[in-house]
Amino acid sequence: MRVIISGGGTGGHIYPAVTIAKEIVKMTGSCQVLFIGTKGGLEADIIPKEGFSFQTIEVRGLERRLSFRNVQTIIKTVSSLWQSLAIIRSFRPSVVVGTGGYVCGPVLLAASILKIPTVIQEQNVIPGITNRILARFVDRIAVGYQEAAIHFKYAQRKVVFTGNPIRPEVMSATRSEGQAVFGLDPDKLTLLVVGGSQGARSINTAMLQVHKHFANNPHVQILHVTGQNEYNNIVNSIEQAGIDLSSTGNIIIKPYIYNMPQALAAADLAVFRAGAVGLAEITARGIPAILIPYPYASENHQEYNARVLEKQGAAITINDSELDGSKLLGAIENLLNVREKLDRMGVNSKKLGRSQAAQAIARLVLSLATYNRQ
Ligand SMILES: CC(=O)N[C@H]1[C@@H](OP(=O)(O)OP(=O)(O)OC[C@H]2O[C@@H](n3ccc(=O)[nH]c3=O)[C@H](O)[C@@H]2O)O[C@H](CO)[C@@H](O)[C@@H]1O
Numbered sequence: 001m002r003v004i005i006s007g008g009g010t011g012g013h014i015y016p017a018v019t020i021a022k023e024i025v026k027m028t029g030s031c032q033v034l035f036i037g038t039k040g041g042l043e044a045d046i047i048p049k050e051g052f053s054f055q056t057i058e059v060r061g062l063e064r065r066l067s068f069r070n071v072q073t074i075i076k077t078v079s080s081l082w083q084s085l086a087i088i089r090s091f092r093p094s095v096v097v098g099t100g101g102y103v104c105g106p107v108l109l110a111a112s113i114l115k116i117p118t119v120i121q122e123q124n125v126i127p128g129i130t131n132r133i134l135a136r137f138v139d140r141i142a143v144g145y146q147e148a149a150i151h152f153k154y155a156q157r158k159v160v161f162t163g164n165p166i167r168p169e170v171m172s173a174t175r176s177e178g179q180a181v182f183g184l185d186p187d188k189l190t191l192l193v194v195g196g197s198q199g200a201r202s203i204n205t206a207m208l209q210v211h212k213h214f215a216n217n218p219h220v221q222i223l224h225v226t227g228q229n230e231y232n233n234i235v236n237s238i239e240q241a242g243i244d245l246s247s248t249g250n251i252i253i254k255p256y257i258y259n260m261p262q263a264l265a266a267a268d269l270a271v272f273r274a275g276a277v278g279l280a281e282i283t284a285r286g287i288p289a290i291l292i293p294y295p296y297a298s299e300n301h302q303e304y305n306a307r308v309l310e311k312q313g314a315a316i317t318i319n320d321s322e323l324d325g326s327k328l329l330g331a332i333e334n335l336l337n338v339r340e341k342l343d344r345m346g347v348n349s350k351k352l353g354r355s356q357a358a359q360a361i362a363r364l365v366l367s368l369a370t371y372n373r374q
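Letter 142 of the sequence shown, counting from 1, is numbered 142 in full-length UniProt numbering, and no numbers are missing.
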């Protein structure tokens with residue numbers, strides 16, 4: 001059997017694609033998977049590393065205003081539809097899956113024109129524009145949050161609540177493995193700070209005060225992932241603040257980590273943006289969290305994601321506009337100092353986790369593929 005999977009732009013669209021692909025391969029035993037993404041997207045880095053075949057089309061996102069660039073974009077989109085039709089005709093998949101990001105648009109549309117079964121996976125409470133448009137054309141929509149269903153107004157019957165897929169390593173990684181990978185001290189509480197797959201400037205800036213406070217602390221250690229673009233600035237600011245990172249021993253700064261499952265396994269508290277996949281991962285592991293939703297995410301969807309966790313007592317939320325060093329430090333200390341609070345949040349977090357989501361999505365995809373085996 002052959003399957004095409006498309007999704008890209010950010011980790012939040014790419015990791016679900018990888019996870020679904022691996023689950024399908026595992027369930028079928030012998031499935032050829034082809035990924036379609038863009039040359040410039042993060043997928044061009046991640047997918048080949050995961051060992052899957054990868055082809056690209058030329059497509060980019062529309063600006064949310066009238067512009068000459070948008071006219072060029074529409075022309076590119078038409079040509080990307082032709083490119084997608086050609087790739088699909090030559091690969092002859094039994095089913096095509098989209099996990100979000102504008103690259104999915106032409107790919108899933110082309111599959112639907114060619115009458116190949118299609119599934120899209122929507123990670124967020126408020127669906128992205130590409131998936132909303134595609135909803136009319138595809139066969140099934142696998143949603144990460146039950147709350148997303150009402151937004152697919154004319155496609156309700158296609159919606160299946162599966163949860164968001166998480167990499168199996170997120171569940172299988174052990175605390176001691178995580179501690180060993182990052183050189184963490186098993187006797188200290190671990191704070192994991194991640195601003196999504198791109199990093200978050202406001203979190204990075206607020207963290208400076210947190211680092212000053214905890215530098216050399218005998219009970220707390222911090223693993224802070226800054227994002228590629230911010231890394232050098234943040235390391236410089238920390239060192240300018242008088243913290244010698246090589247000697248404190250309890251602060252680790254990374255631009256990006258490829259072994260996030262191990263980092264999660266070692267974490268006692270997470271400071272996160274509210275990207276849907278990151279949230280699926282922390283809830284699957286039952287990690288209490290302080291969430292700072294990215295305020296410019298389309299239709300403020302990260303805040304809606306975060307509120308689902310907050311409502312269940314699994315996280316507390318700080319608005320990005322109100323974030324500063326002392327507020328963040330206060331929230332962290334408040335949780336680390338009251339162990340019962342932290343534990344209760346962890347239990348609530350775990351209740352929201354759906355560690356079997358990838359299996360549910362893979363079964364859904366395969367159930368459609370069987371109609372049309374070639
Ligand atoms: C700015 C924006 O619009 N972001 C969106 C993007 O988020 P974004 O890609 O930032 O976020 P997610 O939290 O959903 O997913 C990030 C993924 O990257 C992984 N990771 C991250 C950092 C790192 O160093 N290593 C690593 O492996 C995480 O473990 C996770 O699997 O897609 C998500 C899913 O549609 C949306 O909810 C987010 O709102």
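Note that beta-carbon positions come from the ideal geometry of N, C-alpha and C, so glycine has one too. From a predicted model like this one, the values you see are computed outputs, not experimental measurements.
- Rounded to the nearest angstrom, how far is the Cβ of Val125 from that of Asn305, given a contact under 8 Å? 5 Å
- Query: With contact counted as at least three CB pairs below 8 Å, one residue from each stretch, are the region 196 to 210 and the region 227 to 235 in contact?
  - Reply: yes
- How many angstroms separate the CA atom of Gln356 from the CA atom of Pro295? 30 Å
- Message: According to DSSP, is Phe52 part of a helix, a strand, or is it coil?
- Response: coil
- Query: Would you call Gln240 buried or exposed, if buried means 16 or more other Cβ atoms sit within 10 Å of its Cβ?
  - Reply: exposed
- How close, in whole Å, do the beta carbons of residue 440 and Leu366 come, if the pair is a contact with beta carbons under 8 Å? For the chain, the structure presents residues 1 to 374; residue 440 sits outside this window and is missing.
- CB Gly144 to CB Glu122, shorter than 8 Å? yes
- Query: With distances taken between CB atoms, is the gap from Ile287 to Ala267 smaller than 8 Å?
  - Reply: yes
- Task: Taking 8 Å as the threshold, find out whether the region 238 to 254 comes into contact with the region 310 to 326 through three or more Cβ pairs.
- Result: no
- Task: Mark Ser80 as exposed unless 16 or more other C-beta atoms lie within 10 angstroms of its C-beta, in which case mark it buried.
- Result: buried
- Hey, is the region 207 to 218 in contact with the region 159 to 177, meaning 3+ C-beta pairs nearer than 8 Å? no
- Message: At the level of alpha carbons, what is the spacing between Gly7 and Ile74?
- Response: 19 Å
- Query: Could you give the residue range of the alpha helix (DSSP H) that holds Ala180?
  - Reply: 175 to 182
- Query: From Lys153, Ala173, Ile36, Leu364, pick the residue whose C-alpha is nearest to that of Ala111; which is it?
  - Reply: Ile36
- Could you work out which residue in Ala265, Val347, His211 is closest to Gly330 when comparing CA atoms only? His211
- Item | Residue list, Cβ distance to ligand 1 heavy atoms smaller than 5 Å | Thr10, Gly11, Gly12, Tyr15, Gln123, Asn124, Gly196, Ser197, Val225, Tyr256, Ile257, Met260, Gly275, Ala276, Val277, Gly278, Tyr294, Ala297, Gln302
- Query: Nearest to Val194 by alpha carbon, out of Pro186, Leu269, Ser326, Arg140?
  - Reply: Leu269
- Message: Applying the 10 Å Cβ sphere with the 16-neighbour rule, what's the burial state of Arg157?
- Response: exposed
- In the DSSP assignment, find the unbroken beta strand (DSSP E) run with Glu122 in it and report its ends. 118 to 122
- With distances taken between CB atoms, is the gap from Leu289 to Ile282 smaller than 8 Å? First, the residue type needs correcting, since residue 289 is Ala and not Leu in the sequence shown. Result yes, Cβ atoms of Ala289 and Ile282 sit closer than 8 Å.
- Message: Would the region 82 to 89 count as touching the region 101 to 110 if we require 3 or more Cβ pairs under 8 Å?
- Response: yes
- Message: If distances are taken between C-alpha atoms only, which option among Ile166, Tyr154, Pro127, Gln262 comes closest to Asn300?
- Response: Pro127
- In the structure shown, what three-state DSSP assignment does residue 376 receive? Nothing about residue 376 can be reported from this structure: the residues present for the chain run from 1 to 374 only.
- Please report the Cβ distance between Thr118 and Val96, rounded to the nearest whole angstrom; I am assuming they are in contact, meaning their Cβ atoms lie under 8 Å. 5 Å
- Let me know if Val3 comes out buried or exposed under the rule of 16 or more other beta-carbons within 10 Å of its beta-carbon. buried
- Task: Kindly indicate which three-state DSSP category Ser355 falls into: helix, strand or coil?
- Result: coil
- Item | Range covered by the beta strand (DSSP E) that runs through Arg136 | No beta strand (DSSP E) contains Arg136, which DSSP labels as neither H nor E.
- Task: Using the Cα positions of Ile14 and Leu42, report the straight-line distance between them to the nearest angstrom.
- Result: 8 Å
- Using a Cβ-Cβ cut-off of 8 Å, state whether Ala362 counts as contacting chain B. In summary, chain B is missing from the structure at hand, where a single protein chain is found.
- Item | Distance between His224 and Gly98 (C-alpha atoms, nearest Å) | 31 Å
- Query: What span of residues does the alpha helix (DSSP H) with Ser237 cover, start to end?
  - Reply: 231 to 240
- What separation, rounded to the nearest whole angstrom, lies between the Cα atoms of Gly196 and Arg89? 36 Å
- Answer yes or no: do Ala21 and Val33 have a C-beta to C-beta separation smaller than 8 Å? yes
- Message: Judging by CA-CA distance, which residue of Leu208, Arg167, Ser247, Ile141 is the nearest neighbour of Arg278?
- Response: Arg is not the amino acid found at residue 278; the sequence shown has Gly there. It is Arg167.
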